[in-house]
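J.:
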Amino acid sequence: MNKVAVIQKVFGESMGATLVGYSTAEIFFDQWEPWNDLPIRLVFDNGQIIAVAWSKFDDLWLSNDLSLPFDIYDSQVRWVENAIDDINQLLGGVILSVSLGQDYLEVEEQKILLDTRLIIETDRGVMDIFDALDENGYAYLPTRPQNLTQCVP
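Quick note on this note's numbering: the sequence shown kicks off at 1244 and runs consecutively.
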């Protein structure tokens, strides 16, 4: 199934829902540190949970449950809530649209255009969940970027 179809399936019921929270993973080595290889779990006021993870460049993993994209074996992991200051201003925002954004992969002076950004537009701004070299990266954007592939609605 292509990315647009998967986004439509997973995010279809979230239009008009309010983002009430999210959780991200931390792993313990010598201390707790973010583990952005694991998904961000978005929680909505309608009870829906959507997990989002970028892995392998350009590979978007989505789920409507608490499953994981890979086995974490015996890693010591904890989930923390609302721990990314930059995107906390989106809490309480109503979901307006979900789109794919693109970026370039440069290989031997050639630029290859790939879908590497999941853009979630709310009435409080935009959450950009992007591929940060095989893990999730997060950014708050004040407005919706241009040149997107709109998936939902």
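Just so you know, even glycine gets a beta-carbon here, dropped at the ideal spot from N, CA and C.
So residue 1348 and residue 1300 are supposed to be a Cβ contact under 8 angstroms. How far apart are they, rounded?
T.: Here residue 1348 is taken as the residue at index 105 of the sequence shown, counted from 1. Here residue 1300 is taken as the residue at index 57 of the sequence shown, counted from 1. Confirmed, Cβ separation roughly 6 angstroms.
J.: Hey, how far is the Cα of residue 1395 from the Cα of residue 1345?
T.: The count along the sequence shown starts at 1 and reaches residue 1395 at position 152. The count along the sequence shown starts at 1 and reaches residue 1345 at position 102. If you take the alpha carbons of residue 1395 and residue 1345, they lie about 17 angstroms apart.
J.: Specify the secondary structure class of residue 1189 as computed by DSSP and reduced to three states.
T.: Summary: the structure shown does not reach residue 1189, with the chain confined to residues 1244 through 1396, and so no result is reported for it.
J.: Where do the N-terminal and C-terminal ends of the beta strand (DSSP E) with residue 1294 fall, by residue?
T.: The residue labelled residue 1294 in the question sits at position 51 within the sequence shown. Where residue 1294 is concerned, the enclosing beta strand (DSSP E) stretches over 1292–1298.
J.: In the segment 1259–1337, which residue ranges form an unbroken alpha helix (DSSP H) of at least 4 residues, counting only runs that do not cross its ends?
T.: Runs of the alpha helix (DSSP H) inside the segment 1259–1337: 1328–1331.
J.: Starting from residue 1254, follow its DSSP beta bridges and name the residues at the other end.
T.: The residue labelled residue 1254 in the question sits at position 11 within the sequence shown. Paired residue(s): none; residue 1254 is not in a bridge.
J.: With a Cβ-Cβ cutoff of 7 angstroms, do residue 1342 and residue 1393 count as a contact?
T.: On the sequence shown, residue 1342 is found 99 positions in, with the first residue counted as 1. On the sequence shown, residue 1393 is found 150 positions in, with the first residue counted as 1. Their beta carbons are under 7 angstroms apart, which means residue 1342 touches residue 1393 by this criterion.
J.: Report the rounded CA-to-CA distance for residue 1260 versus residue 1368, giving the unit in angstroms.
T.: Taking the first residue of the sequence shown as position 1, residue 1260 is located at position 17. Taking the first residue of the sequence shown as position 1, residue 1368 is located at position 125. Rounded to whole angstroms, residue 1260 to residue 1368 spans 15 angstroms at the Cα level.
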